[in-house]
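Right, here's the structure in full:
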């Protein structure tokens, strides 16, 4: 069976790219396709040949890949995948549009519906400079929504990373999706049942991550908080933080392992579609204190692996922190929960069952 692996663009390294990296390792003989490729900024492909679209030849396209949004659909439609028996796309937006033979099969790992089209208000809020062009952008986006709906019918089967994403796929695209929670490499995390006196937030410093809530809550409590990561919100957050809040910036993988294993809890205040950080925390034997909506409802057990807070407010987070302090955590059970449910072998066992079953999800 000849397999093609297709991803939206390989110009950054995030959760979607980490999942695509796993697929590439799982299917080493498959051909890899993407719209734009920047090997210095994305996942490690080794000697693997990455085939790109005609957009790769446009000067500046790789650097300003978000500005290419109106051109991705025709670029993916232009790819010749007629020789492939199975196409596995990894997409938050565009790769699902690829064409196949009538007798071939297309399975889409859909990380979300096209966010900037179907959650435009949030998109414009995160990229503040774009709001000045909102009327023009909205006109373009409306045209693109129609195209997105059309090409969303191309895959024979959707795999969603969480229940919330599966519901969005059904609501927006009218397609059912099988939920397969994405994994982590549990060997990359170190277990410890000895916790130090600090809490940890690990996230890009952008608005929807709601690190402002975390900072304000810890300002009030006076407890030690470490924040790893960088982003445009960093200076604003530092200006609000008291001395008990420390900003670490970018940390190495080795530092990150140690921070995760020794933290009393990992704090997550964002509404995430799925979110790998809570699972990574559990793999380290560390409980999670998270806003109780979105993907964490698939990965966390309240009172066993973490604590949920109901509202994205400092007060609600403070209550959850105080509640967490009253729980006698079983750190080994927390680790086992991650290994037994979110390891790569568990993930690919589910994926292979989906790939090998008749394609009857419409």
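Residue numbers (the UniProt record's numbering): 1 to 362.
Positions of the beta carbon are idealized from the N, C-alpha and C atoms, including for glycine.
In this text the structure is predicted, and so the values were computed from the model without any measurement.
Query                                                                                                                                                                                    : Result
Which two residues bound the contiguous alpha helix (DSSP H) that contains residue 145?                                                                                                  : 134-151
Measuring CA to CA, which of 167, 120, 12 is closest to residue 110?                                                                                                                     : 167
Is DSSP giving residue 262 helix, strand or coil here?                                                                                                                                   : helix
What is the rounded straight-line gap between the Cα of residue 26 and the Cα of residue 345?                                                                                            : 11 Å
Helix, strand or coil, according to DSSP, for residue 296 in the structure here?                                                                                                         : helix
Determine, using beta carbons only, whether residue 90 and residue 143 come nearer to each other than 9 Å.                                                                               : no
Decide if residue 60 is buried, meaning its Cβ has at least 16 other Cβ atoms within 10 Å, or exposed.                                                                                   : exposed
What are the complete alpha helix (DSSP H) segments, minimum 4 residues, inside the segment 175-224?                                                                                     : 211-221
Could you give the distance in angstroms between the alpha-carbon of residue 318 and the alpha-carbon of residue 216?                                                                    : 9 Å
Kindly list the residues whose CB is nearer than 6 Å to the CB of residue 249, restricted to its own chain and excluding five residues on each side of it in sequence; keep chain order. : 230
Leaving aside the five residues before and after residue 54 along the sequence, list all residues of the same chain whose C-beta is less than 8 Å from its C-beta, in chain order.       : 75, 78
Starting from residue 370, trace the alpha helix (DSSP H) both ways and give me its first and last residue.                                                                              : No answer is possible for residue 370: the residues shown for the chain start at 1 and end at 362.
Would DSSP call residue 94 helix, strand or coil?                                                                                                                                        : coil
Kindly indicate the opening and closing residues of the alpha helix (DSSP H) around residue 15.                                                                                          : 15-26
Counting C-beta neighbours from all protein chains within 10 Å, is the total for residue 391 16 or more, i.e. buried, or is it exposed?                                                  : Outside the displayed span of the chain (1 to 362) sits residue 391, for which this structure offers no information.
Candidates 73, 8, 308, 300: which alpha carbon is nearest residue 51's?                                                                                                                  : 8
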